[in-house]
Amino acid sequence: MKKLFLIISLCCSQLAGFAQTDADNALAFQYFQQGKYLEAATLFGQLFDKTKSDTYFDLYYTSLIKIGKFDEAEKLVKKLVRQFPQNQHYKMALARIYQERGQTDAANKMYLETINSLPKDEFKIREIANTFYSFQAYDLAVATFVQARKIFNDEKLFTYELLSIYRFKKDKNLLVQEYMNALGGMPELLPQAENVLSNILEDKSDYQILQGALLKKIQKEPQNEIYNKLLIWQYLQQKEYEIALRQLIAQDKRTKDDGAVLFNAANTFLANEAYTTAIKAFEYLISKGKEGPYFLPAKVELIDAKYQLVIAGQIDKAAITDLAAQYYALIEEYGKTPQTVFALKKWANLQAYYLNDPLKAEKALEEAVKIPGISGKDIGEIKLELGDIYILTQQPWEAFLIYEQVARQFEAQPVGNEAHYRSAKLSFYQGNFSYAKSQADVLKASTSQLIANDALNLSLLISDNLQSTLDSNALKMYADAEMLEFRKQPLKALAKLDSIAIAFPGNSLDDDVLIAKSKIYINSNDIDNAVKALKALVDQQAAGVWTDDAMFILADIYENKLKDEEQAKILYQRLINEHPGSMHTTEARKRFRKLRGDIIGT
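Taken in order, the sequence shown gives residues -21 to -1, 1 to 581; the numbers are from mature numbering (1 follows the signal peptide of the UniProt record, and there is no 0).
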């Protein structure tokens, strides 16, 4: 019975001890996290004496360092070094104390001794490197891994660890070299390399580091396609699309690829408005023959790339006629089906707006809505295009009816909201400002931010310029100019806009006229005059409705057309600071950070 009582007493005593240890542990960590290092040192010292745990040791001696008790920390660590001479962790702790006291030479001597006497044990090597990393001695962590490679005679060892450190340090040269070292034997790293390098490399000189390293590797290992792939990627990042295309074609011929890589790159060219380069890419894919899997998609995309050139105003009328013929040949070859509706719509657009034959376009679209099997969404979109063409052919009532029909059929859907907006714009063109504003006011709550913003701008345009007879008359002339631009008559539209100030001096439409002129210039690829109009708006109308739009459009021109990143950054920053509520602010912030070289999404 006495024996049982003794056992129970011992168990209770141990449990009480464990409970006390847990309480001390929690309190010590709390003190450490709160920066109360004196209290933390007392508790961690007691915990280390009880457990001899390295975790408590690290926190104990770090707390001592934090409160400047270097002698006490040194005495503790030296004792442990004598007791455990093979334990590198304690030696490194002693070196750190020297470093913290400013005894740099003594610290470096011990660090180098540790690195030069590394054991042939991957786990222990990582432990030593992590210790260096923990007190921000990143170069020593790198030296540890580099020395370990020599010990194991393996240049691929510790690749991920070194990449992580170089990335954290933003050491572009060593990061590039490590990827060069790794990719040959680890091609699966390519997506990671592209993602990391796109965030670390900031300007042309950075990319030249990568390009130089890649060219050397390709010279040494011409058979390894992984380096060619990364070289092409860096040309794409630099927007050197013509060079990228030459490399892609050479790679395609070498590897006898099915064309997938080139087809994807061609669409990248297209998305970045490098239309002529995209056209060459699609033409190459077509030249590979009809049996190729990308023959038909490339043929379709080739025509679309030429269509984009038309829209951008970079192609003459003879070329437009030829393009329309190519669309029609596609329709004749494959018939009028749901799959060729896209070609029919673009053919009609060319006829209506570029070849001055809207009646031909009207007839084609009226037939298109009757194609068997066509989706409801396609029918809605075709009817919207048809409504626009009715405006061109002087049938505004027919246009209004078809817009309203689509609006009812697709109520609360994107196509329906677009129909409501086009109906409001038509009323605006006709001078029916009250109805146009009532429609625009309803659309301000649209789930589509673009339509909601357009509707808000239309509503404000009308309400701000109906305060007097002078402004109302000026607004009618402005509406006429917008109608002329809609009908693809830019010179007449510009003349009408310039006449407003002459006919109605002192009117309230100055900022609206400037933004309208800038859009016409951009659509006509007249970048110089677009910049002048936008600058005038930004400088003269600081509180105008269109000022934030003008800033964003102007910044985009500087960034993507004129390649003046400094001016783009200035304008994006102004937009962020001066117009925090603008719909463009989020995108402006993203672009500003990218131009500044911030690491985004990591």
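C-beta: ideal position from N, C-alpha, C; glycine also.
Buried or exposed: where does residue i fall if 16 or more other Cβ atoms within 10 Å of its Cβ makes it buried?
i, result
"Ala(-6)", "Model confidence at Ala(-6) stands at a pLDDT of 41, short of 50, so the residue's coordinates are unreliable; what they give is reported in the following sentence. With fewer than 16 other Cβ atoms within 10 Å, it is exposed."
"Asn66", "exposed"
"Phe147", "exposed"
"Thr41", "buried"
"Ala2", "exposed"
"Lys548", "buried"
"Glu461", "buried"
"Tyr313", "exposed"
"Gly81", "exposed"
"residue 614", "For residue 614 there is no data in the structure shown, the boundaries of the chain being -21 and 581."
How is residue i classed by DSSP in three states: helix, strand or coil?
i, result
"Val524", "coil"
"Lys195", "helix"
"Gly359", "helix"
"Gly24", "helix"
"Arg233", "helix"
"Tyr399", "Per the sequence presented here, residue 399 reads as His, with Tyr not at that position. DSSP places His399 in helix when its eight states are reduced to three."
"Asn486", "coil"
"Gly47", "coil"
"Glu252", "coil"
"Val492", "helix"
"Pro351", "coil"
"Met456", "helix"
"Asn335", "coil"
"Asp505", "coil"
"Asp295", "coil"
"Met562", "coil"
"Lys573", "helix"
"Met462", "helix"
"Ser32", "coil"
"Phe131", "helix"
"Asn95", "helix"
"Glu101", "helix"
"Phe379", "helix"
"Ala116", "coil"
"Gly163", "coil"
"Lys218", "coil"
"Ser(-13)", "With a pLDDT of 39 at Ser(-13), under the threshold of 50, the modelled position of that residue is not reliable, and no figure is offered here."
"Ser417", "helix"
"Asn539", "helix"
Just the C-alpha distance for residue i and residue j, rounded to the nearest angstrom, thanks.
i, j, result
"Ser402", "Lys342", "21 Å"
"Asn87", "Gln226", "48 Å"
"Glu219", "Ala257", "12 Å"
"Lys471", "Leu550", "31 Å"
"Leu476", "Ala253", "32 Å"
"Leu154", "Glu140", "11 Å"
"Phe124", "Met89", "17 Å"
"Leu437", "Tyr408", "11 Å"
"Phe274", "Ser561", "44 Å"
"Asp231", "Asp433", "45 Å"
"Ala245", "Leu189", "23 Å"
"Lys267", "Glu134", "42 Å"
"Leu309", "Gly366", "25 Å"
"Pro272", "Asp236", "11 Å"
"Tyr117", "Gln198", "32 Å"
"Asn243", "Ala5", "56 Å"
"Cys(-10)", "Thr34", "With a pLDDT of only 39 at Cys(-10), under the threshold of 50, the placement of this residue in the model should not be trusted; the figure read from the coordinates follows. C-alpha separation (whole angstroms): 27 Å."
"Tyr39", "Ala52", "9 Å"
"Tyr537", "Asp543", "5 Å"
"Ile532", "Arg553", "13 Å"
"Glu464", "Lys149", "50 Å"
"Leu22", "Lys31", "13 Å"
"Tyr145", "Lys129", "19 Å"
"Ser184", "Ile222", "17 Å"
Taking the alpha-carbon of residue i as reference, which of the options has the nearest alpha-carbon?
i, options, result
"Leu194", "Ala161, Ser184 and Asn207", "Asn207"
"Ile441", "Asn411, Phe465 and Leu463", "Asn411"
"Ile205", "Ser447, Phe102 and Leu162", "Leu162"
"residue 582", "Glu360, Ile358, Ile381 and Gly359", "The structure shown has nothing for residue 582, since the chain only spans -21 to 581."
"Asp459", "Thr448, Ala474 and Ser447", "Ala474"
"Lys467", "Gln373, Pro317, Val524 and Asn335", "Asn335"
"Glu345", "Tyr313, Tyr333, Gln318 and Ala378", "Ala378"
"Val510", "Leu493, Leu329 and Gly523", "Leu493"
"Gln446", "Asn486, Lys48, Phe465 and Ile430", "Asn486"
"Lys349", "Leu323, Leu463 and Tyr332", "Leu323"
"Lys259", "Ala250, Ala277 and Lys269", "Ala277"
"Val320", "Leu302, Ala291 and Gly352", "Gly352"
"Gly164", "Ala122, Leu516, Asn203 and Lys151", "Asn203"
"Leu405", "Lys455, Tyr158 and Gln392", "Lys455"
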